[in-house]
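The structure under discussion appears below in the form of structure tokens.
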């Protein structure tokens, strides 16, 4: 499976829920805290994102916590 990244920030409850969801289904995530990484903020803005969490699965992005879309993209990654 390709890497999964989650863009998050301190105090973001939706980010915590999304990260917990990914961990619960056995997905190893790379956590990128935008409150500590100005380049990450810049990247998200350039891509047109205005809210977090943003989850990158392969080359696809999911803005906000959307379990159905996350599972669809993960299944595509797994070839299901």
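Numbering (the numbering used here), first residue to last: 29 to 108. Beta carbons: idealized from backbone N, C-alpha and C, even for Gly. As the structure is a prediction and not an experimental result, all values here were calculated from the model.
- When 73, 46, 98, 103 are compared, the shortest CA-CA separation from residue 59 is found for 46.
- The segment 76 to 103 contains no complete alpha helix (DSSP H) run of 4 or more residues.
- Residue 69 carries a helical assignment under DSSP once its states are collapsed to helix, strand and coil.
- Rounded to whole angstroms, the gap between the alpha carbons of residue 37 and residue 107 is 31 Å.
- Non-local C-beta neighbours of residue 40 in its own chain, meaning closer than 6 Å and more than five positions away in sequence, comprise 80, ordered along the chain.
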